[in-house]
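Chemist: Sequential numbering from 185 applies to the sequence shown in the working numbering.
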Amino acid sequence: EDIDPTRTHLNYNLAPNRGMTQGEYVRQRCEEVYCLNRKDVNVMCSWVVTMPKDLDPAKTREFMQQTYNFLADRYGEKNVVSAYVHMDEVTPHMHFAFVPVTYDQKKDRYKVSACEVINRTELKVFHRDLEAHLERELGCRVNILNEATKEGNKSIDELKRGTAVKELARIEERLEELDVVGSQMTENGTKPIRLEERTVKDKKGLLGHSERSGVFIEGADAEQVKAIIDRADIHHSLDRKLQTAQKQADEIRSSATAEHNQTVAQAENVLANQRQLIEQGRAERDRLKAEGERRYKELIDKYNSLVGKYNELLDRKKTLSQEVSDISGKRAALEPLRKEVDELQRVYDILTKEVQNEYNQAKFKDWSTMPFGTRYDEYRKRGELIALYKDGTQRLVGSNEHGGFDDKTLADQRAGLCRVGIFRRERTCEVPESLLKELLQARDREKPISQNLQNYIKQETQVQEHIKKPTRTR
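And the structure:
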């Protein structure tokens, strides 16, 4: 009943032109994303945003456009179905309809879910966020948060109860005005009016003061009678409305009282749970604080220990770096001695290994060179009969069951791996210990090998050449 048809042409739609009906676009959008195939799925939601009464009317168009920008950005412009602005009613307002689409992170897809898009948190913060956006864009105060919205969105029942309370207040105010009119008529000398409870069939009779009308009036002319009848009709109508309003008010008070009691009980329960959670939180906080302090102290001690070890390693690194630097400097000076050391090592090997082996071969007397008829049992019993192998190893020669050399020695001799004989008692070649010590101590390039050692090396070379000459065998 509040629509003014003469202003309907001023209405407009801020949403994009989809080229189809709203229902067709809702179905198309639900097919583009995941949507449960159930009849009870809410596939469209809407906000009704009313322009504040204290806002400058010149900012109406800008208010609606910025509101649309806010809503389209919040819910996605692809999901906008329509955004009709109504200018033909008491207050300019916009009906913003959209498909509630959200992103499902677990399944990596978009889906239709009104309960996730318009949840309890969204209803609490929506008006605050819209007001902040509009004030930022319009550059003035925009009272979105008021007595109706500061506590969040309200349900349809709550809005209807508010409307009924306002209507009741209006009726009571009208009744008070009628009481004032009656008092004024009495004060002006008009006699009290008495209306009988009869059916008035002919109201025209009242104008001629006829008793056929069923109404008896004293001291009233025709105009007064007409005014009284009109007021009486209004009074009866108001009585009926008052009774209905009082009945609705009683219902509202009863419902509000029950809801209030239930809300108080829930609030007390929440407060009790809150106090319990606070105590648990404090206990947990104290425990975590003590644990954190203990762990912090342990980490500090460990850190100090690591710092000490790190400093020690730094000092050691500096020392080693200095030593490496010193060694690198001396390495070039020591390089010329390498060849001399290698030569001395070769001489040492000759004296300690090869010469010793050749020495043993030289003083070894092969059994084949023994005088004919010499018995070897006597040498064998004394442990002097030896098998000398080419690598310098020695082993005692035993006897077999026939009284000859043991089988292994006999086989090795036939294979040319060893010689069987005895060591001469006289020493035909000897390495003086003094010369060996001199050889081992010759490390300094400025201390040359003595003449005695050079003569000995020359002598041993001649001995080796002599040993290598073929010997006469029997």
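Glycine included, C-beta positions come from ideal geometry on N, C-alpha and C.
If you're wondering where the values come from, they're calculated on a predicted model, not measured in any experiment.
Pairing CB atoms from the region 250–259 with CB atoms from the region 311–318, are three or more of them under 8 Å?
Modeler: Cβ pair count under 8 Å is three or more, so yes.
Chemist: Extract the residue ranges of the beta strand (DSSP E) inside the region 572–611, only unbroken runs of 3 or more that lie entirely within it.
Modeler: The qualifying runs are 578–580, 602–607.
Chemist: Applying the criterion that 16 or more other CB atoms from any shown protein chain within 10 Å of the CB defines a buried residue, is residue 593 buried or exposed?
Modeler: Buried is the call here.
Chemist: Exposed or buried, what is residue 521 when buried is set at 16 or more other beta-carbons lying within 10 Å of its beta-carbon?
Modeler: By the neighbour-count rule (16 or more Cβ atoms within 10 Å), residue 521 is not buried but exposed.
Chemist: Measuring straight from C-alpha to C-alpha, what distance separates residue 477 and residue 492?
Modeler: Spanning the two alpha carbons is a distance of roughly 22 Å.
Chemist: Cutting at 6 Å between CB atoms, please list the residues of its own chain near residue 262, excluding the five before and the five after it.
Modeler: Closer than 6 Å at the Cβ level, and outside the excluded window around residue 262, lies no residue.
Chemist: Determine the direct distance from the alpha carbon of residue 197 to that of residue 285, and round the result to whole angstroms.
Modeler: In a straight line, the C-alpha of residue 285 is about 22 Å away from that of residue 197.
Chemist: Quick check on the burial criterion: 16 or more other C-beta atoms within 10 angstroms. Buried or exposed for residue 287?
Modeler: So residue 287 ends up on the exposed side.
Chemist: Between the region 238–245 and the region 204–217, can you find at least three pairs of beta-carbon atoms closer than 8 Å?
Modeler: Not touching, per the Cβ criterion.
Chemist: Can we say the region 314–328 touches the region 295–302, given the rule of at least three CB pairs closer than 8 Å?
Modeler: No: fewer than three Cβ pairs fall under 8 Å.
Chemist: So, is residue 274 buried or exposed, given that buried needs 16 or more other C-beta atoms within 10 angstroms?
Modeler: Exposed, by the Cβ-count rule.
Chemist: How is residue 200 classed by DSSP in three states: helix, strand or coil?
Modeler: Coil.
Chemist: With 16 as the cutoff for other CB atoms within 10 Å, does residue 328 come out buried or exposed?
Modeler: Buried, by the Cβ-count rule.
Chemist: According to DSSP, residue 288 sits in a beta bridge with which residue or residues?
Modeler: According to DSSP, residue 288 bridges with 293.
Chemist: Is it buried or exposed for residue 586, if we count other Cβ within 10 angstroms and need 16 for buried?
Modeler: Residue 586 comes out exposed.
Chemist: Whole angstroms is fine: what's the gap from residue 605's alpha carbon to residue 567's?
Modeler: Going by the C-alpha atoms only, they are around 11 Å apart.
Chemist: Using C-beta distances below 8 Å, list every residue in its chain close to residue 548, excluding the 5 sequence neighbours before and after it, in chain order.
Modeler: Around residue 548: 570, 572, 603, 605, 606, 607, 608.
Chemist: Assign residue 350 to one of three DSSP states: helix, strand, or coil.
Modeler: Here residue 350 sits in helix by DSSP.
Chemist: At what residues does the alpha helix (DSSP H) containing residue 223 begin and finish?
Modeler: Premise fails: residue 223 is in no alpha helix (DSSP H) and is neither H nor E.
Chemist: Please say whether residue 230 and residue 267 have beta carbons closer to each other than 7 Å?
Modeler: The answer is no: Cβ separation not under 7 Å.
Chemist: Please list, in chain order, all residues of the same chain as residue 209 whose beta carbon is under 8 Å from its beta carbon, the five residues on each side excluded.
Modeler: Excluding residues within five positions, the ones whose Cβ falls inside 8 Å are 202, 265.
Chemist: Going by C-alpha distance, which of 283, 353, 306, 254 is nearest residue 319?
Modeler: With distances taken between Cα atoms, residue 319 lies closest to 254.
Chemist: Whose C-alpha, out of 226, 224, 247, 499, is nearest the C-alpha of residue 234?
Modeler: That would be 247, whose Cα lies nearest to the Cα of residue 234.
Chemist: Tell me which residue opens and which closes the beta strand (DSSP E) that residue 265 is part of.
Modeler: From DSSP, the beta strand (DSSP E) with residue 265 extends over 264–270.
Chemist: Taking the Cβ atom as the reference point for each residue, do residue 195 and residue 277 lie within a distance shorter than 7 Å?
Modeler: No.
Chemist: For residue 247, which of helix, strand or coil comes out of DSSP?
Modeler: Three-state result, residue 247: helix.
Chemist: Could you give the C-beta distance for residue 232 and residue 279, rounded to a whole number, given that I count them as a contact under 8 Å?
Modeler: Confirmed, Cβ separation roughly 6 Å.
Chemist: Could you work out which residue in 429, 186, 207 is closest to residue 354 when comparing CA atoms only?
Modeler: If we check each option's Cα against that of residue 354, 429 comes out closest.
Chemist: Kindly indicate which three-state DSSP category residue 549 falls into: helix, strand or coil?
Modeler: In the structure shown, residue 549 sits in a strand (DSSP, three-state: E or B).
Chemist: Across which residues does DSSP place residue 665 in a beta bridge pair?
Modeler: Here the chain covers residues 185 to 658 and nothing more, so residue 665 does not appear.
Chemist: Taking the straight line between their C-alpha atoms, what separation do you get for residue 495 and residue 467?
Modeler: The alpha-carbon atoms of residue 495 and residue 467 are separated by roughly 42 Å.
Chemist: Taking Cβ to Cβ, would you say residue 321 is nearer than 7 Å to residue 250?
Modeler: Closer than 7 Å, so yes.
Chemist: Please return the same chain residues whose Cβ sits closer than 8 Å to the Cβ of residue 188, not counting the five positions on each side in sequence.
Modeler: Here the set comprises 272, 273.
Chemist: If contacts are defined as beta-carbon pairs under 8 Å, then residue 508 and residue 641 qualify, I think. What distance do you get, rounded to the angstrom?
Modeler: That pair is no contact at about 39 Å.
Chemist: Could you tell me the distance, in whole angstroms, from the CA atom of residue 574 to the CA atom of residue 552?
Modeler: If you take the alpha carbons of residue 574 and residue 552, they lie about 17 Å apart.
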